[in-house]
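Asker: Under the numbering used here, think of the first position of the sequence shown as 264, with each following residue one higher.
Ideal Cβ placement from N, Cα and C applies to all residues, glycine included.
Only a predicted model underlies this, so the values are computations on that prediction, with no experimental measurement involved.
Next up is a structure, given as structure tokens.
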Amino acid sequence: MAAMGGRSTMRHGVIIGKFLPFHRGHAHLIAQGQALCERLTVIVFSTPWEPIPGPARAEAIREEFPEVRVVHEVADHPDPYDDRTWEYWVWALRRVAPEADTLITSEGYGDEYARRLGVGHVCVDPDRETVPISGTLIREDPMRHWDQLTPGMRPFFVRRVVAVGAESTGKTTLCQRLAERFGTEWVPEYGREHLEQKGAGTGKALCEYWDLLSIAEEQAKREDAAARRAHRLLFCDTDLMVTDAFGAFYFGGGPSEVREMANRRAPLYSLHLLLSEENPWVDDGTRDCSVSDRAWFQGRYRSELLWRRQAYVELPGGYEEGFETAVERVEALLLKPAY
């Protein structure tokens, strides 16, 4: 690490970047900036068409470094470093952090940028020896470099796999087994827990119309929290498409907010596993639907998945056959590029 510009006191440092995504190398850079400067400002520049929203990147940095000033700016400007571009970036930094006296980077452009700003420059780990990672490497193969992602960025790369199917087709057991097989998290169905808190069982008499919205909101909240802890994959025992289907089954149509949430969240899911209605029916005392209702739910799920153009696979009947097919499809999913 080398300091330039002859400054012995670094009162206000500034770090500028895309942080696409914010990773452990960036965290090391910011930590070094904190150690060197009395104050530190991190500026996150983004464009509207990037795959991870700029505000989400800024928030991920705030979570890791709550004492650092983090500013998000939209910068619809090209990267090539000609004089016009340099003028833009000098103007942008001076506008956000005019009192900064030290530029902290890990990039080759740092010397020239600092010279034009008239500030000192500290270059941290330019050869990526301390933390051998870059945003480009992660974007090219996030599964390989998963441990370099910060928790706030994992939800944007995790592959969410949902088990759907009529009641008593083995969704919960499948999610548990897949999570154990791939060493990651799984998210149980919240609806049963919610209704059991209101009374014994999960029958229609206990499920009121607006329960569906409460269930949907909490299910989404728990799933998103688990996505931050997950290792490459997240297995979900249900999704809001299922909650919406129960609204149609119970009431002829549930709250519009539930369907809107289901549609909005649909792009989060990489794969749905549709379990076979041929799996044996097991009445555990909490089933609300009959064996004859299975066909209705299976048809509903198929039509919804097709309407949303979501990737799905119908698993064969038999628990072991279904599990092995699911493993094969999930392993193939891990090989697909992120974008």
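#1: Once DSSP output is grouped into helix, strand and coil, what is the label at residue 604?
#2: What residue range is occupied by the uninterrupted alpha helix (DSSP H) comprising residue 505?
#3: Which stretch, first to last residue, makes up the beta strand (DSSP E) that contains residue 555?
#4: At 4 residues or longer, what runs of the alpha helix (DSSP H) sit wholly inside the region 395 to 454?
#5: Closest to residue 334 by C-alpha separation, out of 350, 346, 347 and 317, would be which residue?
#6: Alpha carbon to alpha carbon, what distance is there between residue 373 and residue 273?
#7: Go to residue 369, then tell me how far its alpha helix (DSSP H) extends in each direction, as first and last residue.
#8: If you pair each beta-carbon of the region 364 to 378 with each one of the region 285 to 298, do three or more pairs fall below 8 Å?
#9: Between which two residues does the beta strand (DSSP E) harbouring residue 304 extend?
#10: Excluding the 5 residues preceding and the 5 following residue 534 in the sequence, name in chain order all residues of the same chain whose CB lies nearer than 6 Å to its CB.
#11: Starting from residue 332, follow its DSSP beta bridges and name the residues at the other end.
#12: Locate the alpha helix (DSSP H) running through residue 289, then write down its first and last residues.
#13: Grab the span of the beta strand (DSSP E) containing residue 362 for me, first residue to last.
#14: Give the C-beta separation of residue 411 and residue 494 to the nearest angstrom, bearing in mind that I take them to be a contact with Cβ-Cβ under 8 Å.
#15: Taking the Cβ atom as the reference point for each residue, do residue 435 and residue 451 lie within a distance shorter than 8 Å?
#16: Assuming contact is defined by CB atoms lying nearer than 8 Å, are residue 298 and residue 416 in contact in what I supplied?
Answerer: Well, looking at it:
#1: Any question about residue 604 goes unanswered here, given that the chain covers just 264 to 602.
#2: Taking the sequence shown and counting its residues from 1, one reaches residue 505 at position 242. That run of the alpha helix (DSSP H) goes 503 to 514.
#3: Position 292 of the sequence shown, counted from the first residue, corresponds to residue 555. Taken as a continuous stretch (DSSP letters only), residue 555 belongs to no beta strand (DSSP E), as it is neither H nor E.
#4: 398 to 403 and 434 to 445
#5: In the sequence shown, counting from the first residue as 1, residue 334 sits at position 71. Checking every option, the nearest Cα to that of residue 334 belongs to 317.
#6: Position 10 of the sequence shown, counted from the start, is the residue given in the question as residue 273. Position 110 of the sequence shown, counted from the start, is the residue given in the question as residue 373. So the two alpha carbons sit approximately 16 Å from each other.
#7: The residue given as residue 369 occupies position 106 in the sequence shown. First-last for residue 369: undefined, no H or E at that position.
#8: yes
#9: Counting from 1 along the sequence shown, the entry for residue 304 is found at position 41. 302 to 309 is the extent of the beta strand (DSSP E) around residue 304.
#10: Residue mapping note: residue 534 aligns to position 271 of the sequence shown, counting from 1. Once the five neighbours on either side are set aside, the close Cβ partners of residue 534 are 424, 574 and 596.
#11: On the sequence shown, position 69 is the one that residue 332 refers to. Beta-bridge pairing links residue 332 to 304.
#12: Locating residue 289 in the sequence shown gives position 26, where the first residue counts as 1. Where residue 289 is concerned, the enclosing alpha helix (DSSP H) stretches over 287 to 299.
#13: Here residue 362 is taken as the residue at index 99 of the sequence shown, counted from 1. From DSSP, residue 362 is part of no beta strand (DSSP E); its letter is neither H nor E.
#14: Your numbering for residue 411 matches position 148 in the sequence shown. Your numbering for residue 494 matches position 231 in the sequence shown. That pair is no contact at about 13 Å.
#15: Along the sequence shown, one-based indexing puts residue 435 at 172. Along the sequence shown, one-based indexing puts residue 451 at 188. Result yes, Cβ atoms of residue 435 and residue 451 sit closer than 8 Å.
#16: Position 35 of the sequence shown, counted from the start, is the residue given in the question as residue 298. Position 153 of the sequence shown, counted from the start, is the residue given in the question as residue 416. Their beta carbons are not under 8 Å apart, which means residue 298 does not touch residue 416 by this criterion.
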